[in-house]
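Single-structure report; data block below.
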Amino acid sequence: MTVKRSLFSLLLGLSFFSLVWPVDKRAEAACGSVTCFVVIGSQQQVPQAGLLTFNTTYNYTPMRLLDGTNGVIPAVDQANRRLILDHHQEVRNITQAVNFDLNYGITDRLGVQVSIPYLWRTHKHIDGLGEEGVNGAGELVPFRDNGIGDMIITAKYNVLPTLRSMIVAGFGVQVPTGSTSALDDAGALMESPTQLGRGNVGLIGSVYQTYELIPHRLNQFFYGSYRHTFRNNDGYQFGDEYNLNLGASGIPLERAPWLVLTGQFHWRYLVHDNISASLERSATPADAPDFPGETIVLDPAITNRLVPTTGSTYFAFSPGFQVSLDGLIDSPLTKWTSVYFHSQIPIMRDSNNNLAQGISYIFGITRSFQLAKSGS
Amino acid sequence: MTRTHHPSKLGLLALSVTLVVSSSLAWAMGSRVPTVGTAAEDFRLVDLEGKQQSLSQYRGKVVLVNFWATWCKPCTTEMPAMQATYDKLREKGFVVLAVNELEDEAKVRGHIKQHGHTFPVLMDRDNKVANQFGVFGLPVSVFIDEKGVVQEYIKGGLLTEQVILDAVARIQKPEAMKAASLH
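One line per chain: the protein sequences are A and B, in this order.
Numbering of the first sequence is given in my numbering, commencing with residue 96 and proceeding in unit increments.
Numbering of the second sequence is given in my numbering, commencing with residue 361 and proceeding in unit increments.
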């Protein structure tokens, strides 16, 4: 009982913690891209020894400007190590991702997970505010790229294996397999946050906890992760990322155990990115007659600077459902196979005049294969 | 234009606390699979007839403790084999204890009646015995010898009539040989 009480207190504390986390209204969100994240379960757990679980998810994450914002943000010119204030105006960003996720149980408690994302990204912004175009209005520059993103390899250990509970501690390494050299339609190197890859290694710590509130009917889960990415060769360092998920899944109809409904809250906090660059600003009408004109250097020293348009807070609710095809259709093709769908609906977005993540969608399929017999 | 607060330390603290608590829970509750060759810890559970059953009361017999649930397909698949061997060997010092995990008694009773199983079915309502035997996936079958020592621990739905017969024969063989040598 004491243990259960401790666990409950911890979850309550963490969920409260996530709700009362201070949000700085002056903070500005990313000129870049995010992808939707939800807890699937089969991705976070440690499969039994010899079991390979294969998850394929399709994820659609749009980002648009919120009402009452104009999207004017600084530009990151990592090729020339310049950070130029008020030089971009964001229009939209859409990230589509297919994530191939392999999860293998080395032992009943130790597992390894490999996630390989394939991304399609389209981004549209106005570049060169105060410098180009009629009256320094800038020029519309679209960007599109597709390819493999950064792979993540995670070692996981089930520290609390019981029939009702599971606590899995994970340590992952993000491998810089994604491109960081894509050009926009004007031929310029695209900003780091919009590139498919981060350009350097990242370390990810995670905890996944689950408890069957009503055995085999109602399940509670929690997931927390922290990611630190090291500075890449362009002098750009992505800010640390914190994720907390708290949710429940249940079988609504006893006669239909193949249907599982899920609801989860997701909280994400991104710390400011950092770039080793000089600091400039766009020319403004107050600089006439040099308007429109060259950018104005505020500090020529190339030094580590926070990128003010990065760092964001996001809180969302994700309803979804999972259908076990195994339980629905008796066929070898559907053995150990499930499909699922989740949408992620933002509740609170700290967009601060930048693109904000809209309603995202995730569709996925899970299938498990017993590669080696479970030991005796 | 930049943030003044740095909650990263708080975030790290939250994750650290989670890890520490997880480790503590694991220490406190973490199930350890009984090693083959060690004595099985005794337990007492109520069966479907409402009678108290304990592992120790079957000392002198080979016991197959099978952890199962009605929703678990591999569990229900191997139960007919358990019933068949129980019918064959019950007079020869073999018993099956089917330990149901966390299910409604009426549901279990219905299942047992429907399939005509006659071996004792015990209700592990609070998951205690499963934890005691390191069970975190179903089914699990534990063969315990006449002296109460764990001889085989099988995870997954691998039981067939032949597997059970062979296991019982292996366990009873040394005793039979010993008995024969005394005559």
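Note that CB positions come from ideal geometry on N, CA and C, so glycine has one too.
Exercise for review: Ignoring anything shorter than 3 residues or poking outside the segment 177 to 252 of chain A, list the beta strand (DSSP E) runs there in chain order.
Suggested key: 177 to 200, 205 to 222, 234 to 243
**Study point:** Residues near leucine 188 of chain A in its chain [Cβ-Cβ closer than 6 Å; skip 5 each side]
**Key:** Start at 1 with the first residue of the first sequence, and residue 188 of chain A comes out as number 93. In the sequence under discussion, the amino acid at residue 188 of chain A is asparagine, which differs from the leucine named in the question. If we look at asparagine 188 of chain A and ignore the five residues flanking it on each side, its Cβ neighbours are Ser128, Met158, His218, Leu450.
Exercise for review: Note down, one range per segment and in chain order, each beta strand (DSSP E) of at least 3 residues found wholly within the segment 437 to 494 of chain B.
Suggested key: 454 to 461, 481 to 484
Exercise for review: Return yes when the Cβ of aspartate 203 of chain A is within less than 8 Å of the Cβ of alanine 144 of chain A, no when it is not.
Suggested key: Along the first sequence, one-based indexing puts residue 144 of chain A at 49. Along the first sequence, one-based indexing puts residue 203 of chain A at 108. For alanine 144 of chain A and aspartate 203 of chain A, yes; Cβs fall inside 8 Å.
Check your understanding: Taking the alpha-carbon positions, what's the proline 117 of chain A to glycine 273 of chain A distance?
Key -> If you number the first sequence from 1, residue 117 of chain A lands on position 22. If you number the first sequence from 1, residue 273 of chain A lands on position 178. Note that proline 117 of chain A has pLDDT 31, beneath the 50 cutoff, so the model's placement of it is unreliable and the number below is only indicative. One C-alpha to the other measures close to 33 Å.
Review point. Taking 8 Å as the CB-CB cut-off, is proline 347 of chain A touching chain B?
Key: Within the first sequence, residue 347 of chain A is the residue found at index 252, counting from 1. Not closer than 8 Å to any Cβ of chain B, the Cβ of proline 347 of chain A fails to qualify, so no.
Review point. Can you name the residues that DSSP bridges to glutamate 336 of chain A?
Key: Here residue 336 of chain A refers to the residue found at position 241 of the first sequence. Answer is A:Arg322, A:Leu365, bridged to glutamate 336 of chain A.
Practice item. Determine which residues share a DSSP beta bridge with valine 392 of chain A and list them. Key: Here residue 392 of chain A refers to the residue found at position 297 when the first sequence is read from its first residue. Note: valine 392 of chain A sits in a beta bridge opposite A:Glu375.
Exercise for review: Please name the residue, chosen from B:Val481, B:Gly476, B:Arg419, B:Ala527, that lies closest to lysine 411 of chain B on a Cα-to-Cα basis.
Suggested key: Looking up residue 411 of chain B in the second sequence gives position 51. The option with the nearest alpha carbon to lysine 411 of chain B is B:Val481.
Check your understanding: Shorter than 8 Å from the beta carbon of leucine 258 of chain A to some beta carbon of chain B?
Key -> The count along the first sequence starts at 1 and reaches residue 258 of chain A at position 163. So, interface residue.
Practice item. Provide the residue span of the alpha helix (DSSP H) that contains glycine 297 of chain A, from first to last. Key: For the purposes of this step, residue 297 of chain A is taken as the residue at position 202 of the first sequence. Where glycine 297 of chain A is concerned, there is no enclosing alpha helix (DSSP H), although the beta strand (DSSP E) it sits in stretches over 297 to 309.
Review point. Would you say proline 288 of chain A faces chain B, with C-beta separation under 8 Å as the test?
Key: To locate residue 288 of chain A, count along the first sequence from 1; it is residue 193. Answer no: the Cβ-Cβ gap between proline 288 of chain A and chain B never drops below 8 Å.
Point to revise | Proximal residues to histidine 471 of chain B (C-beta, below 6 Å), its chain only, five neighbours per side dropped | key: In the second sequence, residue 471 of chain B corresponds to position 111, counting from 1. Closer than 6 Å at the Cβ level, and outside the excluded window around histidine 471 of chain B, lie Thr430.
Point to revise | Own chain residues within Cβ distance below 7 Å of isoleucine 531 of chain B, not counting five before or after | key: Along the second sequence, one-based indexing puts residue 531 of chain B at 171. Only Val422, Phe503, Asp505, Gln511 meet the Cβ criterion.
Review point. Does tryptophan 431 of chain B have its Cβ less than 8 Å from a Cβ in chain A?
Key: If you number the second sequence from 1, residue 431 of chain B lands on position 71. Yes - at least one Cβ of chain A is within 8 Å of the one on tryptophan 431 of chain B.
Point to revise | Cβ-based neighbour list, phenylalanine 333 of chain A, same chain, cut-off 7 Å, excluding 5 preceding and 5 following | key: Against the first sequence, residue 333 of chain A aligns to sequence position 238. Answer for phenylalanine 333 of chain A: Arg293, Thr324, Asp368, listed in chain order.
Check your understanding: glutamine 143 of chain A versus chain B: which residues are under 8 Å apart at the beta carbon?
Key -> Position 48 of the first sequence, counted from the first residue, corresponds to residue 143 of chain A. Simply Gly497, Lys515, Gly516.
Point to revise | Given phenylalanine 195 of chain A as reference, the closest of A:Pro380, A:Tyr153, A:Val236 once Cα atoms are compared | key: Here residue 195 of chain A is taken as the residue at index 100 of the first sequence, counted from 1. For phenylalanine 195 of chain A, the nearest C-alpha among the options comes from A:Tyr153.
Point to revise | Residue of A:Thr130, A:Val355, A:Leu308, A:Gly319 minimising C-alpha distance to glycine 244 of chain A | key: Residue 244 of chain A sits at position 149 when you count from the first residue of the first sequence. Here the closest residue by C-alpha is A:Thr130.
Check your understanding: Hey, does histidine 361 of chain A have any beta-carbon neighbour from chain B nearer than 8 Å?
Key -> What you label residue 361 of chain A is simply residue 266 of the first sequence in a count that begins at 1. So no, histidine 361 of chain A is outside the interface.
**Study point:** Residue(s) in a DSSP beta bridge with asparagine 150 of chain A
**Key:** In the first sequence, counting from the first residue as 1, residue 150 of chain A sits at position 55. Paired residue(s): A:Asp196, A:Thr461.
Check your understanding: So leucine 449 of chain B and valine 528 of chain B are in contact, right, with Cβ under 8 Å, and what is the actual spacing, rounded?
Key -> Mapped onto the second sequence, residue 449 of chain B falls at position 89. Mapped onto the second sequence, residue 528 of chain B falls at position 168. That pair is a contact at about 6 Å.
**Study point:** Under the three-state DSSP convention, the category leucine 135 of chain A falls into
**Key:** In the first sequence, residue 135 of chain A corresponds to position 40, counting from 1. Position check: residue 135 of chain A holds isoleucine in this sequence, whereas leucine was assumed. Isoleucine 135 of chain A: coil per DSSP, three-state reduction.
Practice item. Measure the Cβ-Cβ separation of tyrosine 321 of chain A and isoleucine 370 of chain A and say whether it is below 8 Å. Key: Your numbering for residue 321 of chain A matches position 226 in the first sequence. Your numbering for residue 370 of chain A matches position 275 in the first sequence. Taking 8 Å as the Cβ cut-off, tyrosine 321 of chain A and isoleucine 370 of chain A do not qualify as a contacting pair.
**Study point:** Beta bridge counterpart(s) of aspartate 172 of chain A as assigned by DSSP
**Key:** The residue labelled residue 172 of chain A in the question sits at position 77 within the first sequence. DSSP output for aspartate 172 of chain A lists A:Arg177 as bridge partner(s).
Review point. For aspartate 402 of chain B, which three-state DSSP category applies?
Key: Counting from one through the second sequence, the residue named residue 402 of chain B turns up at place 42. Coil.
Review point. Since glutamine 140 of chain A and valine 302 of chain A are thought to touch, with beta carbons under 8 Å apart, how far apart are those beta carbons, to the nearest angstrom?
Key: Along the first sequence, read from residue 1 onward, the residue named residue 140 of chain A stands at position 45. Along the first sequence, read from residue 1 onward, the residue named residue 302 of chain A stands at position 207. The pair is not a contact, with the Cβ atoms about 12 Å apart (cut-off 8 Å).
Point to revise | Option nearest glutamine 465 of chain A by Cα separation, candidates A:Leu147, A:Phe132, A:Trp215 | key: On the first sequence, position 370 is the one that residue 465 of chain A refers to. Cα-wise, what sits closest to glutamine 465 of chain A is A:Leu147.
Practice item. Please work out which residues of its chain come closer than 6 Å, Cβ to Cβ, to glycine 265 of chain A, disregarding the five sequence neighbours upstream and downstream, and give them in chain order. Key: In the first sequence, counting from the first residue as 1, residue 265 of chain A sits at position 170. Excluding sequence neighbours, glycine 265 of chain A sits near Thr249, Lys251, Ser301.
Point to revise | Environment of alanine 467 of chain A [buried if 16+ CB atoms lie within 10 Å] | key: As a working mapping, residue 467 of chain A is identified with position 372 in the first sequence. Classification of alanine 467 of chain A: exposed, given that the 10 Å Cβ count is below 16.
Exercise for review: Could you say which of A:Gln359, A:Asp279, A:Leu180, A:Gly228 lies nearest to leucine 374 of chain A if we only look at CA atoms?
Suggested key: For the purposes of this step, residue 374 of chain A is taken as residue 279 along the first sequence, with counting starting at 1. Out of A:Gln359, A:Asp279, A:Leu180, A:Gly228, A:Leu180 has the C-alpha closest to the C-alpha of leucine 374 of chain A.
Practice item. Measure the CB-CB distance between asparagine 340 of chain A and phenylalanine 317 of chain A and report whether it falls below 8 Å. Key: Position 245 of the first sequence, counted from the first residue, corresponds to residue 340 of chain A. Position 222 of the first sequence, counted from the first residue, corresponds to residue 317 of chain A. Yes, the Cβ-Cβ distance between asparagine 340 of chain A and phenylalanine 317 of chain A is below 8 Å.
Practice item. Could you tell me whether the segment 349 to 367 of chain A touches the segment 397 to 405 of chain A, where touching means 3 or more Cβ pairs closer than 8 Å? Key: yes
Check your understanding: Can you find a C-beta in chain B that's less than 8 Å from the C-beta of alanine 124 of chain A?
Key -> Counting from one through the first sequence, the residue named residue 124 of chain A turns up at place 29. The predicted model places alanine 124 of chain A with a pLDDT of 32, which falls under 50 and marks its position as unreliable; any figure quoted below should be read in that light. For alanine 124 of chain A, the answer is no, since every Cβ of chain B falls outside 8 Å of its Cβ.
Exercise for review: May I have the straight-line CA-CA distance separating histidine 183 of chain A from glycine 166 of chain A, to the nearest angstrom?
Suggested key: Sequence index remark: in the first sequence, residue 183 of chain A carries index 88 (1-based). Sequence index remark: in the first sequence, residue 166 of chain A carries index 71 (1-based). One C-alpha to the other measures close to 8 Å.
Check your understanding: Is the distance from the Cβ of leucine 405 of chain B to the Cβ of aspartate 464 of chain B below 8 Å?
Key -> Here residue 405 of chain B corresponds to residue number 45 of the second sequence, with the count starting at 1. Here residue 464 of chain B corresponds to residue number 104 of the second sequence, with the count starting at 1. Taking 8 Å as the Cβ cut-off, leucine 405 of chain B and aspartate 464 of chain B do not qualify as a contacting pair.
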